[in-house]
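Since the structure comes first, as structure tokens, the remarks are kept for the end.
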Amino acid sequence: MNFIYWLVVIAYAIGAWKFWNGFHRTNFSRSFSNRLSLSLLWPALLISNKSYRQNFRKALKG
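Everything in the sequence shown is counted per my numbering, starting at 1 for the first residue and increasing by one.
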């Protein structure tokens with residue numbers, strides 16, 4: 001169980017880091033608070049918002 005927990009934490013951190021670094025490719029406004037909140041909430045937004053999914057893919061393409 002501990003191993004699965006760490007895998008989830010690592011996947012969350014990698015997703016947030018990749019989105020943070022690719023944020024300039026998205027259509028979102030470039031404010032720091034917007035960048036921070038969208039980077040931290042990425043799993044919930046990825047599931048629930050089609051526009052966010054499209055922008056998330058843009059951010060991850062390098």
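Using N, Cα and C, we set each Cβ at its ideal position, and we do this for glycine too. These numbers were taken from a predicted model, which means no experiment stands behind them.
Excluding the 5 residues flanking it on each side, Lys58 has same chain C-beta neighbours closer than 6 Å at Arg25, Thr26, in chain order.
Non-local C-beta neighbours of Ala16 in its own chain, meaning closer than 8 Å and more than five positions away in sequence, comprise Ser39, Leu40, Trp42, ordered along the chain. Taking the Cα positions, Ser51 is about 25 Å away from Val9.
Assignment of Leu38 by DSSP, reduced to helix, strand and coil, places it in the helix class.
Counting only residues of its own chain and dropping the five nearest sequence neighbours on each side, Gly22 has a CB closer than 8 Å to the CB of Lys58, Ala59, Leu60, Lys61, Gly62.
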